[in-house]
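Notes follow the structure.
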Amino acid sequence: MTIALPAKADALENGLIEIARKAGAAMMEIYKTDFEVRSKDDASPVTEADEAAEAVILPGLRALTPDVKIVSEESAAKGDVPDVNGETEFFWLVDPLDGTKEFIKRNGEFTVNIALIAKGQPILGVVYAPAIEKLYYGGPDGAKLIEDDVNPTITNITVRDMPEDGVVVVGSRSHGDPEAMKAFLGDLPVKELRPAGSSLKLCLVAAGEADLYPRLGPTMEWDIGAGHAVLAAAGGVVENMDGSRFLYGKDDFRNPFFIARSPSVPVKYQA
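See below:
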């Protein structure tokens, strides 16, 4: 399916990377302080950094693509949700700070997530981890990793073929069910179970550092849209547990359980 972008591809890429970096810089200013942690209505934590990043991202996206709607986690928590669905041509999907628990723990595994959704699929996106200076981008021309904010190096990334000595499986550092994971993996040869925070799990599969990420717990669309864009651009897939196509623009933006993987990794789908 070929979809005409709402702006030139290079302008979108450069603009998106610039917005993500500025949002990351705003987050890092707060990361250095004794910031306050509050709870949202769903009891999930929120900090000044979530709000500071969103205050950078939303006007940046509006300037980049004035006619494209924006769904952002922090705005949605306040009831500000535009009317979008799987048939909408385009909308932005934003998590200003994904991995708030990792931010609070100060382990560096938190990210800025911005994805452009078209016809229910992420077609480009950026995942930026400012504390470790890694930025992943995925779009029509493939996926890449940009490391080091001062003297950046750019590496094109792709998923890898399944290793002969077993797969590396990534899972949530702050959420997860070990028994459910064990049952899902079954007799698949596993070399390593690696915990990771935020959307970096999807990016590890995209970069060929891991092979499989089964998500056996709740997530929201903005948690994974940008990582999905990176993984898809790198040749990977995100699918429902029964193997069906994973779609965005659901009424409540809640995700079912899903599988993110290199296509070479066999999995047993569940009914």
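If you use the working numbering, the sequence shown corresponds to residues 92 to 362, in order. Idealized CB from N, CA, C, for every residue including glycine.
In the assembly as shown, G334 is an exposed residue. Its beta-carbon has fewer than 16 other beta-carbons within 10 Å. By the CB criterion at 8 Å, P97 and T191 fall outside the cutoff.
Taking T249 as the centre and dropping the five residues before and after it, the same chain places the C-beta of A325, G326 closer than 6 Å to its C-beta, in chain order. Annotation: N346 to Q361 spans about 16 Å, alpha carbon to alpha carbon. Here Y219 is bridged, per DSSP, to V203, L226. By the neighbour-count criterion, in which a residue is buried when 16 or more other Cβ atoms sit within 10 angstroms of its Cβ, A274 is exposed. Of the residues V328, E330, D314, G288, the one whose Cα lies closest to the Cα of V185 is D314. Taking one beta carbon from each stretch, the stretch 300-307 and the stretch 251-263 have 3 or more pairs nearer than 8 Å; the two touch.
By the Cβ neighbour-count rule, A154 is exposed, with fewer than 16 other Cβ atoms within 10 Å of its own.
By the neighbour-count criterion, in which 16 or more other beta carbons inside 10 Å mark a residue as buried, A271 falls on the exposed side. Assigned with DSSP and collapsed to three states, S263 falls in strand.
Assignment of beta-bridge partners to E300 by DSSP yields no partner.
M253 sits in coil when the DSSP states are folded into three classes, being neither helix nor strand. Boundaries of the alpha helix (DSSP H) around G106: 100-122. Less than 8 Å separates the beta-carbon of A220 from that of F201. For E238, the pairing in a beta bridge is given by DSSP as K225, T244. Within 10 angstroms of the beta-carbon of V175 lie 16 or more other beta-carbons, which makes it buried. Put simply, the backbone Cα of N247 is about 37 Å away from that of V128. For G318, the three-state secondary structure derived from DSSP is helix. Beta-bridge analysis with DSSP links T191 to no other residue.
Under the 10 Å beta carbon count, K123 is surrounded by fewer than 16 other beta carbons and is classified as exposed. In the three-state DSSP reduction, A324 falls in the helix class (H, G or I). Residue pairing by DSSP places N346 opposite T310 in a beta bridge. At the C-beta level, W183 and V159 come within 8 Å of one another. If you check the CB distance, I148 and A114 come in under 8 Å.
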